[in-house]
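Residue numbers (the working numbering), protein chains in the order written: chain A, 1 to 47; chain B, 48 to 327; chain C, 328 to 625. Working notes, beginning with the structure itself.
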Amino acid sequence: DIHKRYTLTDSGYFDPFIKELEAKKEYIASGFRADYVYDRMLTEAFM
Amino acid sequence: YRHSSQYRLWSFTPEQLNQRRIDINARAALRTDQNLKEFKEAHKELTDEELTALELKAVPVTVEEEYMLVNYYAKMIISFAGKMNLPTEVAATAASFLRRFYLVNSVMDIVPKEIFYTTLFFACKSENYFIGVESFAKKTKSTPESILKHEFKLLESLQFTLMNHHPYKALHGFFLDIQTVLQGKVDLKYMGQVYNNCKKTITDALLTDAVYFFTPPQITLAALLREDEALTSKYLELKFNIIKDAPNEDGNSDPIIDSQKRLNGRKLLEIIRNCKEIIS
Amino acid sequence: EYSKEKKVGEGTYAVVYVGTKYSTNRKVAIKEIKTSGFKDGLDMSAIREVKYLQEMNHVNVIELIDVFMAQNNLNLVLEFLPADLEMIIKDSSILFTNADIKSWLLMTLRGVHHCHRNFILHRDLKPNNLLLAPDGQLKLADFGLARNMGSPQEILTSNVVTRWYRAPELLFGAKHYTGAIDMWSVGVIFAELMLRIPYLPGKDDIDQIDVTFRALGTPTDRDWPEISTFSTYNKIQFYPPPSRDELRRRFAAATENALDLMCGMLTMNPHKRWDPTKCLTSEFFVELPEPTVPEELP
C-alpha cells in the first residue's frame, strides 16, 4: 500500500517506555529514534 | 505480510490444517504398524501374554493425542523460556518453531521431549539472543550433543523459514494508534493496563491454531476486543468507518470509498470476532 | 535439481560453487554451509542469510532461489552474480561516467530502502557485497551480518560493518543504533566510486576514527548531542570539518547536488543522517545526467 493506514503523530505518543529510552544519553548518542520504533510497531499493526 | 514466509508457507484454512495433521499421523501410524510387524517376525519367542500386551499397548497415538501432546510441550517451552528469563519474542518463536515442526513430523517420529531444547536453543540463535551451546546445556541440564542432534532436522522441517511476526509488536502499534483515533476519549493509564493484559492473552493465543488462520494484527485486535469490547469497537468504528448503515455524514466524501471502507470494516470485525472465539 | 560445476570461493563458513538449475538451465551460485567443526551448531551467519533473504524479493537484493540439505550440509541456492562493484572500482581499464555512478548508487539505495522498510539492517555494506548481474542490475548480497531492527531496549553489538565503511557511532561502541549505519556505508561507497580509491581506509579501529574525523571533521556535542558520553570520545584528536570548497576540490567531478547527497549520507550525527527515502528523492537523481540504464553499464 502506498498510503499507510496510520499517520505518525509528531505531537508524540503517550508511551512512557519509549519516552524513557529516548531520554537516555547512550540512546541519544547512538542515534536511537522514537519515530523509527513507532513506525515499526504501526507497520506491524497495519500489515 | 503477504510476501512474508509466515503468510506464504504457514497459514492454512482449518480444513487444510486438519487434513495435514491427519496425513502426518496416518503416515507415522503406518510406519509404526510396519515396525511392529517386523518386530514380531523377528521375535518368534514372544509369549501369548506379550503378544496380547503388544496388541493392547503398542498402538499409534491418535491425531487428538498428538495435538494435545504438542501443545503441552509448546506451553512448557514458553514457561521454561520464562524461567530462563528469555525475551518474550524468543519464547514465542520457540513455541512457533515447535508447533510448526509437528506440522511436518509426527510425535511418533521424534518425541517432543527430544526436540524441546533444540527448539529453544535455535530460537535464541534465530532471534539474535545467542547463547553458546555449552552454557545452554548447563542451564537446561542437558548435553550439547542432544541439543545439536536435531538442529538440521528442525531447520529443514521449518522449510528454512525463520522470520516470525508475533502479535506483540502489533499490540504496541495499536496502543499508539488508539491514542490517535480516540484522542482524548481514552484514559492512557487504563490503556497501559489493557496493554499488559493483552500481552498475556497473545501469549496464550500462540498455543492455539489462530496463529495459522489469522494475521498477527487480527490476533491482536481479537485480544483487545476480548479485553475491552467497548473501547475496541469504538476504535474500529472510527478507524474503519463501520457506521451501522448510517448515510455518509460529510456529503463530500466519496460514497464508493466510504462503502468500501465500511465493507472492509464490517468484514474485519467479523474476522476478529471469529478469531476471538478460537482464542477463548 | 542442481549441479555444482566449479568451486569459485571459500569463506570461513561456506564454500561457493557455480552450478546450473537443470529444470530451467539457469546458472546459479550454490553456497554450501560448512557444518562440521562449529561447536555451537549451525553458524549464525547461515541462519541470518536464510532468515532474511527468505523474506525479501527485490530486483536490487540477491535472490535466494532455494535451500536444501545434502550430505548433511546446508546449501543456499542464490542467483549467479559474476561481478561486484569492488572489481569495477579497482580495474582502471574500465572507464565509467557520472551517469554510471548515479545508476549504481540508485540501485544500491533502492536495495537498502527495501531492507529498511522490512526493518532489516544489512550491517556489512561495502563494494564487494554489491554484486552485479549480467543484465547490469546491482544487488545487495551477503546478509551474514544482517538483523532485524530489534526491540527498542535491545542491545546491538557495535562490532559490525567492515572497518572502512563503519559509521562513527559504531566506532564509538554504540549499542542502540539504527539503519543510519547502513546509510553511512553507502555514503563512503559513493565517495569511493567518485574517487576510485578507498575514501576512509583506516589501518585499525583506532586509526579508523582518526582517518574519519581528519577527512570530515570531529563532531562535538553541539552537532551531535551526548557524543561526549562515549567513553572513547575524549581520547580523540580534534579536526575542523572541511569547507565546501575543500570538498569541491576533493570531488572535482561532483555536482553540488552530488556533494549534498554525499554529505547527507556522511552526516556525523545519526539522528540527522539522511535515510534511504530522503536520498532517493534528492535533487541528485533528477538532475542530468540521467542514470545509465543497467544494460549499458560497464
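Ideal Cβ positions, reconstructed from N, Cα and C, are used throughout, including at glycine. Predicted, not measured: the structure shown is a model, and the values here were computed from it.
Which value, in whole angstroms, describes the spacing of the CA atoms of residue i and residue j?
i       : j       : result
Y215(B) : G231(B) : 24 Å
V439(C) : L229(B) : 35 Å
D35(A)  : L436(C) : 21 Å
L452(C) : V513(C) : 7 Å
K605(C) : K599(C) : 11 Å
L624(C) : N425(C) : 11 Å
Q206(B) : V151(B) : 9 Å
Y38(A)  : L223(B) : 8 Å
L316(B) : C322(B) : 10 Å
Q535(C) : T489(C) : 11 Å
T505(C) : D80(B)  : 56 Å
D297(B) : A277(B) : Unreliable placement is indicated for D297(B), whose pLDDT of 46 sits below 50; no coordinate value is reported for it.
A73(B)  : G312(B) : 41 Å
L283(B) : V388(C) : 37 Å
D537(C) : T362(C) : 39 Å
M47(A)  : Y566(C) : 46 Å
N118(B) : V154(B) : 12 Å
A217(B) : I524(C) : 45 Å
N486(C) : R33(A)  : 20 Å
Can you tell which of the options has the C-alpha that lies nearest to the C-alpha of residue i?
i       : options                               : result
L405(C) : R576(C), A468(C) and E583(C)          : A468(C)
E181(B) : N82(B), S193(B), S327(B) and E174(B)  : S193(B)
Y114(B) : V241(B), L64(B), D251(B) and K87(B)   : L64(B)
A121(B) : I266(B), R146(B) and E276(B)          : R146(B)
K378(C) : L432(C), I447(C) and L422(C)          : I447(C)
G463(C) : W431(C), W601(C) and V613(C)          : W431(C)
M383(C) : L77(B), E136(B), R313(B) and M210(B)  : M210(B)
Q240(B) : P16(A), R33(A) and T7(A)              : P16(A)
S143(B) : H212(B), A217(B), K286(B) and R78(B)  : H212(B)
L607(C) : R375(C), Y329(C), V620(C) and A585(C) : A585(C)
T187(B) : L201(B), K160(B) and L254(B)          : K160(B)
E136(B) : T250(B), Y119(B), N82(B) and V233(B)  : T250(B)
V343(C) : L422(C), V538(C) and V355(C)          : V355(C)
E390(C) : L380(C), N399(C), F540(C) and D509(C) : L380(C)
F199(B) : E553(C), R353(C), V394(C) and A473(C) : V394(C)
I392(C) : G346(C), K417(C) and D411(C)          : G346(C)
With 8 Å set as the bound, which would you pick, yes or no: does the beta-carbon of residue i sit closer than that to a beta-carbon of chain C?
i       : result
H3(A)   : no
L167(B) : no
A23(A)  : no
A29(A)  : yes
S204(B) : no
Can a CB atom of chain A be found closer than 8 Å to the CB of residue i?
i       : result
P479(C) : yes
K378(C) : no
Y48(B)  : yes
K502(C) : yes
L235(B) : yes
F59(B)  : no
H449(C) : no
F221(B) : yes
R556(C) : It should be noted that the sequence gives Thr, not Arg, for residue 556(C). Answer yes: the Cβ-Cβ gap between T556(C) and chain A drops below 8 Å somewhere.
N135(B) : Reading off the sequence shown, one finds Thr at residue 135(B), where the question assumed Asn. Answer no: the Cβ-Cβ gap between T135(B) and chain A never drops below 8 Å.
P597(C) : yes
E496(C) : yes
Using a beta-carbon distance below 8 Å, is residue i in contact with chain B?
i       : result
N384(C) : yes
E26(A)  : no
M33(A)  : It is worth fixing the name first, because residue 33(A) is Arg in this sequence and not Met. Not one chain B Cβ lies under 8 Å of R33(A).
D367(C) : yes
Can you list the residues of chain C that residue i reaches, using a CB-CB cut of under 9 Å?
i       : result
K19(A)  : None at all; the shortest Cβ gap to chain C is about 11 Å.
V180(B) : K366, D367 and G368
If the cut is a Cβ gap below 8 Å, which residues of chain C does residue i touch?
i      : result
Y36(A) : M476, T505 and G506
Mind listing the chain A neighbours of residue i? Cutoff is C-beta to C-beta under 8 Å, in chain order.
i       : result
F446(C) : R40 and T43
I536(C) : Near I536(C) there are no residues of chain A at all, since even the closest Cβ is about 15 Å away, more than 8 Å.
P552(C) : I28 and A29
List the residues of chain B that residue i touches, going by C-beta distances under 8 Å, in chain order.
i       : result
Q381(C) : S52, F207, T208, L209 and M210
Chain B partners of residue i, CB-CB under 7 Å?
i       : result
V439(C) : Per Cβ cutoff of 7 Å: no residues; V439(C) is ~18 Å from chain B at best.
For a contact defined as C-beta to C-beta under 7 Å, what are the partners of residue i on chain A?
i       : result
D224(B) : Y6, L42 and A45
Name, please, each residue of chain A whose Cβ falls closer than 9 Å to the Cβ of residue i.
i       : result
E328(C) : Simply none; closest approach about 33 Å.
K216(B) : R40, M41, T43, E44 and A45
P263(B) : E44, A45 and M47
What residues of chain C sit near residue i, judged by a beta carbon separation below 7 Å?
i       : result
L195(B) : G368
Margin query: Going residue by residue through the segment 435–502 of chain C, where are the continuous alpha helix (DSSP H) segments of at least 4 residues, counting only ones entirely within it?
Written below: 495–498
Note to self: Quick check for students: name the residue ranges of the beta strand (DSSP E) that lie wholly in the segment 267–292 of chain B, counting only runs of 3 or more.
What the structure shows: None, since the segment 267–292 of chain B contains no complete beta strand (DSSP E) of that length.
Item checked: Inside the segment 140–223 of chain B only - alpha helix (DSSP H) runs reaching at least 4 residues -> 159–173, 180–186, 191–195 and 198–204
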